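Scroll down for the structure; my scribbles are underneath it.
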Amino acid sequence: MCGIVGYTGHHEAAPLLLEGLRRLEYRGYDSAGVAVHDGKATRIVRAEGKLSRLEEQLGKTPVTGSCGIGHTRWATHGRPSEHNAHPHRQGKVSVVHNGIIENHLQLRSRLQEQGRRFDSDTDSEIFAHLIEQEVERHGSDLRLAVARALDGVKGTWAICVVHDDHPGEIVAARNNAPLLLGLGGEANAAPGADGENFVASDVAAMLSHTRRVVDLFDGDTALVTRRGISVFDAEGEQVQRSERYIDWSPVAAEKQGYRHFMLKEIHEQPRVISDTLAGRVEMDRADVNLDGLDLSVGSLKRLTILACGTSWHAGLAGKYMIEQLARIPVEVDLASEFRYRDPIVKDGDLVIAISQSGETADTLAALQEARRLGARSLAICNVVGSSIARASEHVIYTHAGPEISVASTKAFTSQLTMLTLLAIYLGKRTGHLDEARIRTLLEGLSALPEHATNVLGQLAAMQVVARRYMNARDFLYLGRGLGYPVALEGALKLKEVSYVHAEGYASGELKHGPIALVDEELPVVGIALAGPGYDKVVSNLEEVRARGGKIIALGTVGDSHIAGLADDVILLPSVNEVLQPILATIPLQLLAYHIAVLKGTDVDQPRNLAKSVTVE
Ligand code: M6R
């Protein structure tokens, strides 16, 4: 969703801010702007639309100076337009904001009663007014003025503020929205030693300049200058927040010759599976080491997985795996439903929050609610130090590297890999899996990167299938057992990137409604892999065939029956049933990708979508 970047140092700020904002483009946005302090005052330039529009504006109205803030906006209050774009200015204050002010109506009318006029329809502009009022009282201490201004605000925020009378200063504040400080200089140097520092809502924005970051906590405010940073907690006490080193390489966030990030990330999956397994497979002991995780499995009575979107699909697959391999009951809940339905949490419950970004507002709130009700907690996240990782008692990281494409691909396969490891970890400790079975599963997991590489070899075949069906109005995806979450994920990918309507169904549900849709125009993607559900899926596909529907089937190498039944068939290597979803997802990602390319959509940043949904 919205992105923030700030820079104070000795270089021209505008190009650095633009570069940082470009690295945040993947999060989705509809307008952008920068505010740069030229030594005397702050100049703001904003534009509706893509960053190229902002760049054009900056060409016409250049801003110079070595301290500034920038923002990409994803509209929540007020339509996408230049006047609603950030930064917002009031008097000498300029502010950018990610998040939502919940009590904005009350605050706005109070400010209007005091004679204040608003230039935008946004809730964020309220910050500029409140801060201006406080600066009038605490003029010499901008950070304190910001902290006081936040006092009566309810909601979520990551904000950066600059002020005409405070050249070289940026004040940052965080509450339930990600914000980090980036330290210029070498690892062992004092913070700010070489005279520049950064602020960003996402590490990607500053990765090419620094890998040394300091996470702000909820309630923190910070003063950032080229000489250093000072952080204050919610009580106003100055605190030391620890520094961490980001080991994602800046190159990982580049396209490296691929036409789109989505295609690059699909191709990274063999390596991502290896990275997620690295150091966790203990073949000698027939065990899994989840970074020293100790869950006291004996006392676990029920697991509840909380997630949204693609991560929720991974959670559904996790249910099948954990119930099958560990025999612990698992519920999978959409985080947005869990948090509001007065959930029942009992002794012996463990919630598992799954999130690529670690910043999804609903997942974070559901996790917090579960913990408040007494559940134990584990997070499976990709982004180290993210809010969800920090809000959980235990965390295991998926090591997928930065995922830039809005449509999640490699994060999903890394989540599935991690959930398989977790299921084996639990199965060993509940005594349901013996050593021989664990070794077979671990060998299967270790062979997956090679199988995934072979599946990626079917790129050309998927292009042909995509071309044949690109004009279909709707798609139906059918799967059973572990094929069901794969069907849901395949349908979601197609919807997201190609804007074609697609439904994922448990194939047993076909006759309970969706079969009414089947005619000669409807492509049906059937996940018919070898295993216990195979015959049933095949008979559902026969029912589709009998009504003239077109069948695209995923089968297992050596299956001649499915090849005879389907119009198009993609054969996958034979692997253990619990490992099938990892391979079966890849052709469906490719199908969605190629249809999107043929239709000419914005593959990496599909319309209306944001990479990380930090508002509910
Ligand atoms: O970062 P998270 O895994 O928590 O994100 C959850 C969903 O917003 C995300 O998976 C979304 O559905 C993607 N656009 C799927 O491609």
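My numbering puts the first residue of the sequence shown at 513, with every later residue one more than the last. Here a beta-carbon is modelled for each residue, glycine too, at the ideal position from N, C-alpha and C. Just so you know, these numbers come straight off a predicted model, no measurement behind them.
Item	Value
Shorter than 8 Å from the beta carbon of residue 540 to some beta carbon of chain B?	Structure shown: chain B not included; a single protein chain is present.
Is the segment 744 to 762 touching the segment 919 to 926, taking contact as three or more C-beta pairs under 8 Å?	no
Just to confirm, is the Cβ distance from residue 654 to residue 685 under 8 Å?	no
How long is the line joining the alpha carbons of residue 858 and residue 820, rounded to whole angstroms?	23 Å
Using C-beta distances below 6 Å, list every residue in its chain close to residue 861, excluding the 5 sequence neighbours before and after it, in chain order.	814, 887
In whole angstroms, what is the alpha-carbon distance linking residue 934 and residue 636?	42 Å
Run the CB neighbour count on residue 856, radius 10 Å, all protein chains shown included, and call it buried at 16 or more, exposed below.	exposed
What's the gap between the Cα of residue 1066 and the Cα of residue 1037?	8 Å
Restricting to Cα atoms, I'd like to know which of 659, 993, 1054, 978 is closest to residue 1109.	978
Closest by CA to residue 866, which one among 827, 664, 522?	827
Can you name the residues that DSSP bridges to residue 750?	744
With distance defined between alpha-carbon atoms, name the residue in 539, 718, 1005, 687 nearest to residue 666.	687
With DSSP collapsed to three states, give me the class of residue 674.	strand
Quick check: is any heavy atom of the ligand M6R less than 7 Å from the C-beta of residue 784?	no
Between which two residues does the alpha helix (DSSP H) carrying residue 729 extend?	Careful: residue 729 lies outside any alpha helix (DSSP H) and carries neither H nor E.
To which residues of the same chain is residue 843 closer than 6 Å at the C-beta, ignoring the five residues directly before and after it?	816
Indicate, with yes or no, if the ligand GDP has a heavy atom lying under 7 Å from the CB of residue 919.	Only the ligand M6R can be found as ligands here, which leaves the ligand GDP out of the picture.
Output needed for residue 1121: all residues of its chain with C-beta closer than 7 Å, excluding positions within five of it in sequence on either side, in chain order.	540, 918, 1008
Rounded to whole angstroms, what is the Cα-Cα separation between residue 1054 and residue 1077?	7 Å
Which same chain residues, not among the five before or five after residue 530, have their C-beta less than 8 Å away from its C-beta?	546, 563, 566, 567, 570, 582
At a cut-off of 7 Å, is residue 515 close to the ligand M6R when judged by its beta-carbon and the heavy atoms of the ligand?	no
Do residue 736 and residue 551 have their C-beta atoms within less than 8 Å of each other?	no
For residue 718, does the count of other Cβ atoms within 10 angstroms reach 16, so buried, or fall short, so exposed?	buried
Pick out the complete alpha helix (DSSP H) segments inside the segment 988 to 1073, 4 residues or longer, and give them in chain order.	995 to 1010, 1046 to 1058
Taking 7 Å as the cut-off, is the C-beta of residue 1121 nearer than that to any heavy atom in the ligand M6R?	yes
Return helix, strand or coil for residue 906, following the three-state DSSP convention.	strand
Quick check on DSSP: helix, strand or coil for residue 1207?	A question about residue 1207 goes unanswered here, because the residues of the chain that appear run from 513 up to 1128.
Excluding sequence positions up to five away, which residues of its chain have a Cβ less than 8 Å from the Cβ of residue 649?	657, 660
Given a cut-off of 8 Å on the beta-carbon distance, is the pair residue 1186 and residue 692 in contact?	Since the first residue of the chain shown is 513 and the last is 1128, residue 1186 is not available in this structure.
Assuming residue 602 is part of the alpha helix (DSSP H), what are its boundary residues?	First-last for residue 602: 600 to 602, but that is the beta strand (DSSP E), not the alpha helix (DSSP H).
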